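This note's numbering numbers the first residue of the sequence shown as 60 and each following residue consecutively. Note that the Cβ used here is the ideal one computed from N, Cα and C, for glycine as well. Keep in mind that this is a model prediction, so the values were computed, not measured. Beneath this line is the structure, given in C-alpha cells, with notes to follow.
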Amino acid sequence: MVNGKIIKAISGFYYVHDGKNTWTCRAKGVFRNIGIKPLVGDNVTVDIISEEKLEGNLVGVNERKSTLIRPAVANVTQALIVFAVREPDPNLGLLDRFLINMGKEGINTIIFFNKTDIDKDDAASRYKKTYEAAGYRVITGSTSYDETVSEIIEALDHNTTVLAGPSGAGKSSLTNRLNINAGMVVGELSEKLKRGKQTTRHTELFPVGNDGYVLDTPGFTSLYVTGVKSEDVSSYYEEFREPNESCKFVGCSHVNEPEQICMVKEFVKCGKIDKVRYESYCTIYREIKENEKKY
Numbered sequence: 060m061v062n063g064k065i066i067k068a069i070s071g072f073y074y075v076h077d078g079k080n081t082w083t084c085r086a087k088g089v090f091r092n093i094g095i096k097p098l099v100g101d102n103v104t105v106d107i108i109s110e111e112k113l114e115g116n117l118v119g120v121n122e123r124k125s126t127l128i129r130p131a132v133a134n135v136t137q138a139l140i141v142f143a144v145r146e147p148d149p150n151l152g153l154l155d156r157f158l159i160n161m162g163k164e165g166i167n168t169i170i171f172f173n174k175t176d177i178d179k180d181d182a183a184s185r186y187k188k189t190y191e192a193a194g195y196r197v198i199t200g201s202t203s204y205d206e207t208v209s210e211i212i213e214a215l216d217h218n219t220t221v222l223a224g225p226s227g228a229g230k231s232s233l234t235n236r237l238n239i240n241a242g243m244v245v246g247e248l249s250e251k252l253k254r255g256k257q258t259t260r261h262t263e264l265f266p267v268g269n270d271g272y273v274l275d276t277p278g279f280t281s282l283y284v285t286g287v288k289s290e291d292v293s294s295y296y297e298e299f300r301e302p303n304e305s306c307k308f309v310g311c312s313h314v315n316e317p318e319q320i321c322m323v324k325e326f327v328k329c330g331k332i333d334k335v336r337y338e339s340y341c342t343i344y345r346e347i348k349e350n351e352k353k354y
C-alpha cells in the first residue's frame with residue numbers, strides 16, 4: 060500500500076503522486092457502490108499491483124477538507140489568481156467576483172499581477188496598494204523574472220493551490236516556470252481582441268516546491284457570484300469594515316443611501332476606498348439584488 064494525491068484523472072485512470080513516483084491506477088468498484096467519485100486533489104490509498112510498472116488500484120479516499128465544483132478538485136487550500144497588468148488589461152470587476160467566490164468557500168486568495176515588464180505607467184503599484192488595503196497578499200512581477208517565480212514558489216509551499224485568471228494572463232507560462240515537467244501549451248494573444256486563447260484542457264496538479272501542488276485551470280472571461288445574499292456582499296470587502304461601523308443606518312447597503320449617512324461612500328469620496336473597487340461592489344450588489352427579486 061502507498062499513500063498519495065491524485066494529480067490527474069483521464070478516461071477512468073487516476074494518476075497518484077506519492078511524493079516521489081506517480082502511480083497509474085483504476086478505482087475499485089466499491090467507490091461506485093457508496094456513491095463516491097475520486098477527484099483530482101483527493102488524498103488516497105493505493106493497493107500496489109506492479110511496483111515495476113507503477114500500477115495500482117485506488118482502495119481508499121481520505122475525508123476532503125474542501126471541494127470546488129469548477130474545476131472539480133478536492134482539498135484546495137488556497138487560490139492564486141493571475142491578472143496581467145497589460146495585454147490584456149485587467150478587468151478588476153472580474154477579479155472582485157473571483158475573490159468573493161473564493162471567500163465564500165473559505166479559501167485564502169493570493170493575487171499575482173503579471174507582465175510588469177511591459178507595465179509602462181506602473182499600474183501594478185496602484186493595483187497592489189488597492190488590494191493590499193482590502194486585506195489580500197499581492198505579488199507583482201513577471202513570469203520571466205526569476206525573483207518573481209521564487210516568491211510565488213515560496214507562497215505555494217505546503218499548499219494545494221488552484222491557479223486561475225482570464226485567458227492570456229500568463230497562467231500556463233507560470234505553471235511551466237513552477238514545474239519544468241508541466242509542459243503546458245502557451246497560447247498566443249488574439250491581435251484583434253488582445254485576449255488569450257484558451258490552452259488548458261483538463262484538470263491536473265503539478266508538484267511545486269516543498270510539498271506543494273498547483274492546478275492550472277481554463278481561463279475565464281465572465282464569472283457570476285453565486286450563493287451570496289445581497290446584504291452579505293459588503294462583508295467580502297475588508298476595506299468597508301471600518302467605515303461600515305459608522306454608517307447611520309444598521310444594515311446600510313452602501314449603494315442607495317445618501318452620502319451623509321453612509322460612511323463607506325464618504326471613504327470613497329475622500330480616496331480612502333478605491334473608487335473602481337467600490338463601483339464593482341455596487342455592480343455585484345445590484346446584480347444579486349435583481350436575481351433575488353426573481354425568486
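- Per DSSP, Asn238 lies in no beta strand (DSSP E) and is assigned neither H nor E.
- Per DSSP, reduced to three states, the secondary structure at Asn102 is strand.
- The stretch 150-160 and the stretch 84-101 do not touch, with fewer than three beta-carbon pairs separated by less than 8 Å.
- Listed in chain order, the non-local C-beta contacts of Tyr195 below 6 Å within the same chain comprise Ile170, local neighbours out to five positions each way being set aside.
- Within the stretch 278-336, the complete alpha helix (DSSP H) segments of 4 residues or longer fall at 300-303 and 322-328, listed in chain order.
- Inter-segment contact for the stretch 313-326 and the stretch 156-172 is absent: fewer than three beta-carbon pairs are separated by less than 8 Å.
- Residue nearest to Glu290 within the set Glu351, Val132, Thr207 and Ser184 is Glu351 (criterion: CA-CA distance).
- The residue among Glu349, Lys348 and Lys324 with its C-alpha nearest the C-alpha of Glu338 is Lys324.
- For Gly194, there is no enclosing beta strand (DSSP E), since its DSSP letter is neither H nor E.
- Per DSSP, the continuous alpha helix (DSSP H) segment holding Leu151 begins and ends at Leu151 to Lys163.
- Within the stretch 63-87, the complete beta strand (DSSP E) runs of at least 3 residues fall at 72-76 and 81-86.
- Approximately 5 Å separates the beta-carbon atoms of Lys187 and Thr199; this is inside 8 Å, confirming the contact.
- With a beta-carbon spacing of about 6 Å, Leu222 and Thr276 fall inside the 8 Å limit used to define contacts.
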